[in-house]
Structure formats: C-alpha cells, structure tokens
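Following: one structure in structure tokens, then a few remarks.
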Amino acid sequence: MEAPENRKRSRNDDDALSIRSKRHQSNNGDWQTLGYCDYTVGWVCALPIEMAAAIAILDSTHVPLPPQKGDSNNYTFGRVCGHNVVIACLPSSQYGTNNAATVASNMSRSFPSITIRLMVGIGGGVPDGGIDIRLGDVVVGNEVMQYDLGKILPDGQFQRTGRTTTPPHTILTAVSKLQADYENAPSRIPSILCDMLDRNEQMVSYARPSLPDRLFRHTYKHTQEVDSCERCSSWEVLERPHRETAKPRVHYGRIASGNQVIKDGETRAKMAEELGIICFEMEAAGLHDFPCLAIRGICDYSDSHKNKAWQKYSAAVAAAYAKELLSVIPTQQRRDAEATYPTTDLELLRSRVEALSDSLTFEQIDSRHATIKTQHSKTCEWLLGHPKYVEWLEPIHFPSHHGFLWISGKPGAGKSTLMKFAYTHAKNKWKATADATVISFFFNARGVHLEKSTEGMYRSLLFQVIQKFPDVLHDSDHIYQAKHNRATWDIETLQALFTHAVTRLGQRQIICFIDALDECDISEVEDMVEYFEDLGDQASESQAKIYICFSSRHYPHIEIRNGLKLTLEDQSGHGEDLEKYVRSKFKAGNGKASQEVSAEILERASGVFLWVVLVVDILNREFRNGRMWAVKGRLRELPDGLSNLFKDILCRDNENMDDLLLCIQWILYAARPLTCEEYYFALVSGLDPSPENLVRWDRESTTTTAMELYLLSSSKGLAELVKSKKRTVQFIHESVRDFLIKDDGIRQLWPNHAANFESYSHDRLKQCCDNYCNIDISAIVPQPLPAASSERAKVLRTQVPEEFPFLDYATRHVLHHANSAEDNIPQITFLRNFALKRWLYLINLFQKYEVRRYTIKASLVYILAEHNLPSLVRSAVDNGFDAHLKGERYKRPILTALKNGHEEVYKILQPHYNASDKIIDQIEYQNAFSLSKTTAVLHYAAARGNLFLLTHLLGFMTPTIDAQDRERGHTPLGYAASNGHEACLRALLSCGAHIEADGEDGRTPLSHAAGNGNEAIVRLLLNQGAQIEAAGEDGRTPLSHAAGNGNEAVVQLLLDRGAQTEAADKDGRTPLSHAARNGNEAVVRLLLDRGAQIEAADKDGRTSLSYAVDKNRNEAVVRLLLDRGAQIEAADKDGRTPLSYAVSWYGNEAVVQLLLDRGAQIEAADKDGRTPLSYAVSWYGNEAVVQLLQLHGAELSSIILS
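Going letter by letter, the sequence shown gives residues 1 to 1202 in full-length UniProt numbering.
What follows is the structure in structure tokens.
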C-alpha cells in the first residue's frame, strides 16, 4: 500500500540518505532529542559503574533534556531495542532504600509515560539451599523483600514487618517469555557484551575477570591481612559441579533488600534458610512507589571474602540481560501526562476521565459523612492501637485476613462516629502519600436511593479512587462503553470497573471504610460482601492491596470467609470512652452522689453511646431546674435499652401529640428530607391551614431560631437539623425510625392509625401540600409566566422559594403522596376536585426549560402518566378520565409512558386503547423519541435494547420486522445482534424475524454479533439455526470478522461449531490473515492450533506473516508465526517480502530486529528493485530502523526511491 505523497522522501530532500533526520541532529552528531513524554522505560542504578554499563549497551543516545523543576536527578537518555530509555544513578556514595526512593520518585514525576521500570546493578549471591549461583551470573527478582525492617518482640525475637513487593504483571510476563526462549536458544548476553566492548574499547575492565571464582564454606572467615583471598585456605573452598562454559546463567527468585551490606557467610546462610532468598542488595526495597524489576549481576557471595574484582563485569552482565529482556517487550507509544486511556489526545483523555467522574458522582455523595457528629474529645483513639486494627493494616498479615476488618455493634453504640474518626485519621495520615488513597462510604437509610444502595456505594468509591489514581482506568474502555450504551449504571458494570481499577494498582494501596451496612437492603449487602470477598482473594493472589473496614449492627447470618472481627461494646477502650463522656458532660458536681449516678449510667448503658447521651441530657435538665435530689429518682425511672427510652421520651406527657404525629409522618414519608423552613410550613399547612397562616413568610415574626425551637419541641428532642449542604430535618439516629416501625412504636403511640399508617400518612401529607398550593402568590408572580429561560423567570425560581418556602415541594410532590395513599385510601374524589389549572401554573413556574412546561389544556391522565403515578392513573381511567386526549410534549399518555420507561403505567393504559388507537402514526413515535425521519422506531428500539418499546411495537408492526432501515440498511434483528441486546433478539425471533435477514452489505445478524464479540448472542443465533458460513458481500464469514477483531471466545465457539478456518473473502484473505493483520496473538494461536494454513496467500500473494509485520503490528504475533514455520521470504505478487513491509510506516524496530535475527534477507528486492532499506528511508521518523538495517549490512547503494 502506497503512502501519502506528503509523507514520502525524494532524492531532492536534504541529505535523503542520512541515517537520521536533520530535525533530530545536534552538534553531537547522531544524538536525538525527544520530549519527557516520549520515554517509556525508567532505568535506575546505584553505582557509577552500573550506570556506565547501562549507557554502554544503548543502541543510540539522545540529547539530554533540561531538568524539571524539583528534580535533582542527572539523566542519560537513549534507545534500546526500540524503547526510549531514561537512566538515573543514585548520588555518589549515597546508597540504600531511601536514596533509591528519592531518585525513583523524581524520575516518575518527570517522565509520566514510563511503564517499564528496572533497577539494574550488582548484588551479592546466596549460593546456599542447593542453588548453583556463580560470580557473573544474573539474578532476576520475582520478589523483593525488605529484610531489615521490623520490631523487637517481648521475648527478644526480631519480627520482620517489611513489605514484599513483586514486579508488575507485564514485566513478569516478559521475563517468562525470555525464560521460555532460553529453552530453545541460548541467551544473547554474551553477544550483547561483545558488542558493547567492541563499541567501547575503553571499557576493557568490564570484560570477564581472569580471577578464579572461589566459594568458601559459610563458616570460614576471610584472612584480614590483605584484600585478596591469596592467603585464605584452599581447603575451605567448596567443590562445585563443572560448568562447560563461562557464559552467565540466569536465576529467578527472591531478593533481600536492606540498608546494610551483608559480609558474613553464616548470616547469609541463616537468612537464606529463613527467607528463601538467592541475592542481597541495598536499593530495590525503597522502590515500592516505583514498581520495577530488580536485575542483579552477582559480584560476590555476601561473605567476608567479598571484593570488587567482579563488580564491573557483573554490572555489564546485568545490563546485558536488561537489554535482552527489553527486546521481547513490545515497544510502546508515548503516553502524555495524566493519560488514562490508550490515546495520545490529552484533551480527549481528560474529557473521558471528567465524563466518567461526572457520571459516577451524585449530589449526596458525601452527605452522610458530613452529618455524623465528630467524636467527643479524647475518645475513639483506642482503636488506633487496638491489636486487630494494627494487624489489619500490616502488609505481612494481608494473606491471612485478605484486607478485611469488620466492626459490629449494637444500634446507637457509636459505630459511625468511630468510623468517621478512623477514616479522618487515615485520610490525614496518608494524604501526602503518592501510593495510597483513603476512601469511604457511609450508608444512610434516611437519604435518597443512592445513599442507601450499593450502586451509590460503588459509584462513590470509584469516584474517589480515580481522583487519586486516574491511571487505573487504563484499558477500561470496554467496561466503560458497556455503561455508555445505557442511561444508568448497573451493579455488574460498577463491580467490573472497580475490579479493573484494583488490578491496576500495582504496588499502590487503597484503604476503604464502609459504614452502616445495616442501612442498606440485606440482599444488596449479601451480594456486596460476596463481591468484596472475591476481590480480596484476587488481591491476595495478585499482590494488590485493598484494605476494607466494614461497620454494621450484629448480622446473625452474614459472615466473611477471611477477615478480622471486632465487637464494639466488648472493647475496654469503648467503655473508657463512655466514662470520659459522662465525666465531661454530666453536670451534677463531683460529690459521692454524682459519682454513684455516673457509675449507674455506665453500668446500665450496655455499651450503647446514644443511650448515655440521651440519659445524661435528661438528668442535666433535672439538675438545671435545681432538682438535685430528683436526679437519682429520675434515673431509676428511665428504662434500659434505646427503644424503651424512646417510648418513655415520647409518652411521658401528652402535650402537642398532633404536632408529634405530623412531625413523625413528614420525617418518615417525605419524598425527600425537608429543610427547617419547609418543615415548619408543612406542619402549619396540616395543623392550622387558615388563610392568616398560609401567607408569605414574615422573617421578623417567625425567625429561623423560632423554627428550630419548634423542630425540637414538636419532635420531643428526637429530630434535629443535620449538618449537610442543605440543613435538613432528620431523626437524631436511625434507631428512632427502628423504634417507630420495626419495634411497633407507632402502634404503641397511636393505636387507631397503626393498621394503614403509611397510607394514612401519605394522605395527610398530600393534604398539607394541597393546602399550601392554594397560597396566594400573585403579589410577586405575574400571569402569564415569563419564558422559562428568561432572566425574570430565573429570578422568580429563586425568589418564590424564599418567600414561600414549602411551595416548591408541595407542587412537585402533592400527586406523589396521593399516589402512595391510593392503595388503601381511594383518591378519586381528590382527583375530581384537583385544581389542575392552578397546579399547571405552579409547576410551570418551577420548570427551568420551556420544552418541559405544560399547556393549559394538558390532561390529568397525561400528567399522571408522565410522572409515573400508576395507582392514580388506574383510578382516573377506571373512573372515566379520558386516556386518549392528545397534546403536550409526547402527544399521548401511552407515548409518554413508553418514552420514560413507565411500564406499570403502560400496562394500565394499554387495555384502554382500541385496535385503531394502537397504530399510532410513525411520525408521532419519531417526535416522541427525537428520531430523524429516516429512522424507523422498530429499528431504534432494537438498536437501543429498549425491550419495553420493542415489545409494544411488535404487537402491531410484525409485517415490517425484516425491513431494512434507510440509514444503514440493517434489520431490527441485525441491530439487536450487533449491539448485544439478547432479550430484544429473543423477542424478535419469537415474532418470526428471519434469522438470515441481511443488510445492504449482505452481513447476517450472526456476522454482526461475531464481529462485535457478543458471545452470548452468537451462541443463541447458532442454537436457533443461523448459517455459520454465511458471507457478506465482501465474502467474509462470521469467523473472519471475529478473528479480525480479536474476539477469542467467539472464535473458539465458532470453531467448536464447525466454522471453516480456510474460508477466504473476495480478496482471498483467510481468518488467520485478518487476525494476524490486526495483531491478535491469542486468536492467531487458536487458529493455528485448529489447523489454519500458515502460508495461505490472498489475491495479492500476501501471507499472514506479511500482514502481521505491517504498520507496527504485534511483535508477539510475528514471533508466533515464525515459531510455527512461516516462510520469512514469502514474497507477494509485487515481490515484497515481510521485511519490506516491516520497515515501512514508522517501522517497529523490535519486529525488524526479530526478522533479521531469524535470517531475513536484507537485500531482497521487489519487482521494482526496491530493497527494505529503500522503503525504510522513505518515511520521516524512521531513523532507528534505517540505522538497524545499516548495522546489519544494508547497502546505501541499493536504495531506489519512488
């Protein structure tokens, strides 16, 4: 394929045959300048000799970049095996984990695109335990543990507490790949060393020493007179198996890292037995914020015989292994700062993260946390030193408890206050730490749906995680897209996204506090606990660290498999907190009588903090009234237990019981929590709705202070204003609600209303709203209303709630309360008398958008349908209200139900429509659903997965079920299959949709499903008899599309069902060719394992290998094809070989290197006589590939330019 003309070079270009573009030349000749975001490999060394070795193995060197602000490192820049590498060394003579951490932190901050991190240098070998480690060998650390961090136990034993870290999964995968390569071919370390020494003649001291490699018994000490071991006894040298060559061997295992040099054989042997280590070093443990692979060349045996003779060679060996490892890791494109998604458009990245954050957050996301009272002075601090809390956060114990701590306690014991304290302390402790984030969610049964559901919890936790670690969303497009196709989040998608984030943590950690599980539905809690248990298992296996602290009341049947448990009221520290509170708050003096009362309070409290708070307040009132002698008696009268205490508080006198009843009804059943001002006028509207009371708010006569006092008196002290963004009225504790509902408190207080208390309450709240809706607002609101978007309308929407605080709520929710009352208290009389025009005027006043306003002719049934009030809809249509009146935004009541997904309303309305009414004009559907004139509503429903709408349409649109739409030529079945809507697919098939109905491109539903990777849909279609070899107009079968898009599970399914691996399209390309062309290694392997012909050529003569190497394809696929016997010189009809394609289009240097290593002919010319070098020099930015070809002998004289 020819490249665009503006990308090609011509002979007239400046220095066309130059290896490098002049854009990247400097006075240093062949040095190249890039930006900070271009470097993807970070390489840290501890010693200058290690850095010298690293620099020496670079393929090319780049011009140094100016230092970033605050970065004290000194860097060398270059390129290795196609990777842009930045190298840094620790300051001179400053070793150890802390210095390494500083260097690595600076590097990470300056180079945001680094994804491969290496710590390369020398180390002390541990040849104990049967491992034959020699000087000059290489140790690759699949684990690094800090061995010198710990504490002295009472018995004098040293308990290690240092963390054990593992390299990132991607690097370990590369290590395994190279390890497997060693089984088939020897390591290239010797050849890399030879090349290094050939290019750097001054580094002869880095060659293998001629000194003998002697290992002394671990108990034998070095003779101190001289540095060398010339005087050490040869009798103490251990005999070891003879090695045929002096080539380095590579060992894999645990590396011990610490801040001291190990120079004692006995210590070495003891630690090897205890810890299972094979190498000592001094820096890698400091790099837990820089998740890396430690590579160590063995220069001594960590005993008293250590000397520096082998250090330079060992440093070179380690650097050579690092280079060989990089050769098997695919090169990566630069990643801009803060990049989260696999794209280089920074603005797009930020907008994607911002869009996801906006989608996750909600108004009340931290409301409950804000309303929980801060702990009393000096309380809760005991938790931080509690053995179980300490154990929970210690990494060494993570495998046993999987990161779980569950704090349980009685209602009112103080769990939420304790959790807020723990969360706040942890947040402050880790706020400056780059590798940890502290998150929380506090369930709130008194809040909106998202505050008391696991959906809200997952959304909140995810939102907090991506604020600190946006990169954990990398490669999560497939999960996010699953949500993007729907209007709302679902639990499965949220869990998948949270799991994805946790698996991307690396060495970072999440500390999470989740409070009040008992304020969420029990079935949701069970599912959530099971999910977190599975996540804990995965985290334990993957070394990811997520610590979760739950709190709840005592659950009799929910348990966790692993985890620590703590019962709050059983803790001595909690008892001391109660004592501190009583001592501080009980104002009855310090005499003997006061002490006796305090002791009795604590004894009877049974660990319930709220009981103590209420009792102390009651007793203090007696004391303030001068009734000192009555305090003891009053305490004896107060019952034990919260429920009994609430009953005593509410029933002690019968004053203002009507106020109390209405107070409780509003707090229990309001559509949302009320502000103090709304609450006051809501009660006025119900208790005394006289004209003189239902007037504009007079702030001078009715102050907010007076309103707050009325809240206290009307609730008898059991309600309060919570400290959230909007100060709203709530019970002082969830246990008040429990007393009223669960403990039958309503029946005890108002036995006459207990039977249908909820319906009765909603009917009364409806009446309060209806009363207030009749208030006169004509003094400030004109008729007709100004346009919704006008400045005057905006002012009114602010002014009216200030003057008439309850009017907004009353207007929006009067019908809601009537609907909730309908089941037990008929509302037909209310509906017939409802002041509809008045209500339309008020609701239009509060609408922000003109399109959402109603006309004066709007029907009541339409309004009830749009607001999803099924009980009122049933009552209205059953009693003669017209269900057919047309008008308003969606024209018909049944259309507004369909549009808004109100299924119950639809089911009530549907029988009231006769046959002719059901055939609603197509234009009405298009208007209702905002469709273009070319979009058929049946196709729209199938494409969006709107089963509700689709089922309705299939009742009378079956004649058009196989029609192609005018936009894309798809059938409804094609859309459902393509977009993965299984339920819609089943509905269409059950109504007779043709399973082979193709679109304009000839593709069947099975082809679309296979191409998009919808395994469940593919399985369903195959089970229904879909033709597995049905090809589109381009000749591609379902297998071809699945293979080309990398859908491994679908490819496996199709092959299992008999799909032909050699089914070629019109261009002669097989599924293998398409899979190779798109770099899908797993699919290529699967097809080859099933017998796909590796040399099958298309009409242009191109094989799968030819496509695999083209346009920066996956190196792993190229290697796989070569390993399976692909012909490296297979030329197409133009005579171009795979190497010719590999060097074109910003050639992948690693792929080119691989082909050359496997014997590709570097001078193979096509029919026009153009060699690979001719193609390589035709592309700007391809200098590295050009240089690589020249290093392998490509002749400049062979170049022919187009």
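Using N, Cα and C, we set each Cβ at its ideal position, and we do this for glycine too. Model, not experiment: these values are computed from the prediction.
Close CB contacts of A936 within its chain, under the 6 Å cut and outside five residues either way in sequence, are with D965 (chain order). Between A436 and I511, the gap from beta carbon to beta carbon is short of 8 Å.
Annotated three-state conformation of D743 is coil, per DSSP.
Collapsing the DSSP output to three states places F216 in a strand. Following the DSSP letters along the chain, one finds M145 inside the beta strand (DSSP E) bounded by residues 138-146.
The beta-carbon distance between L985 and L1020, rounded to whole angstroms, is 6 Å. This is short enough to meet the 8 Å contact definition.
Of the other Cβ atoms in all chains shown, 16 or more fall within 10 Å of the Cβ of K452; this residue is therefore buried. Each of L326, W382, A320, L1189 was checked against the Cα of E1115, and the nearest Cα belongs to L326.
Taken atom to atom, the span from the alpha-carbon of V1083 to that of A1043 is near 6 Å. Residues of the same chain with a CB within less than 6 Å of the CB of A101, apart from the 5 flanking positions on each side, are G286 in chain order.
Each residue's CA atom was taken as its position, placing V140 and Q159 some 26 Å apart. Proximity of the stretch 440-457 to the stretch 288-306 falls short of the contact definition, fewer than three beta-carbon pairs being nearer than 8 Å.
About 5 Å separates the CB atoms of R117 and F290; that is less than 8 Å, so the two are in contact. The alpha carbon of E281 has as its nearest neighbour, out of H62, I262, T267, the alpha carbon of I262. No Cβ-Cβ contact shorter than 8 Å links A1160 with T1171.
Fully enclosed alpha helix (DSSP H) runs of no fewer than 4 residues occupy 189-199 of the stretch 171-256, in order along the chain. Leaving aside the five residues that flank V1151 on each side, the residues in its chain whose CB is nearer than 6 Å to its CB run, in chain order, V1109, E1115, V1118, A1142.
Shown here for V631: same chain residues with a beta carbon closer than 7 Å to its own, the five before and five after excluded, namely A588, V597, L619, E622, F623 in chain order. The beta carbons of A413 and V608 sit closer together than 8 Å. Contact annotation: the stretch 379-387 touches the stretch 418-425, with at least three C-beta pairs closer than 8 Å. DSSP assignment within the stretch 251-327 yields the following whole alpha helix (DSSP H) runs of 4 residues or more, N-terminal first: 265-275, 311-327. Scanning E533, E354, C549, P67 for the CA closest to the CA of P470 turns up E354.
Two segments are said to touch when three or more pairs of C-beta atoms, one from each, lie closer than 8 Å; by this definition the stretch 738-747 does not touch the stretch 683-695.
With a 10 Å radius around the Cβ and a threshold of 16 neighbouring Cβ atoms, S932 comes out exposed. If you look at N84, you'll find it in the beta strand (DSSP E) that goes 83-89. Counting along the chain, T567 sits inside the beta strand (DSSP E) bounded by residues 564-567. Annotated as proximal: L360 and R459, with beta-carbon spacing under 8 Å. Listed in chain order, the non-local C-beta contacts of P91 below 7 Å within the same chain comprise N99, local neighbours out to five positions each way being set aside. Using a Cβ distance threshold of 8 Å, Y39 and V86 count as a contacting pair.
Between E822 and S875, the CB-CB gap stays under 8 Å. Per DSSP, V729 lies in no alpha helix (DSSP H); the unbroken beta strand (DSSP E) holding it starts and ends at 729-731. Secondary structure at Y95: coil, using DSSP grouped into helix, strand and coil.
Note that the C-beta distance between D128 and F216 is not below 8 Å. Between A516 and the set T488, P411, V317, the nearest pair of CA atoms involves P411. In this structure, L660 lies away from S735, with their beta-carbon atoms at least 8 Å apart.
Contact annotation: the stretch 563-581 does not touch the stretch 523-532, with fewer than three C-beta pairs closer than 8 Å.
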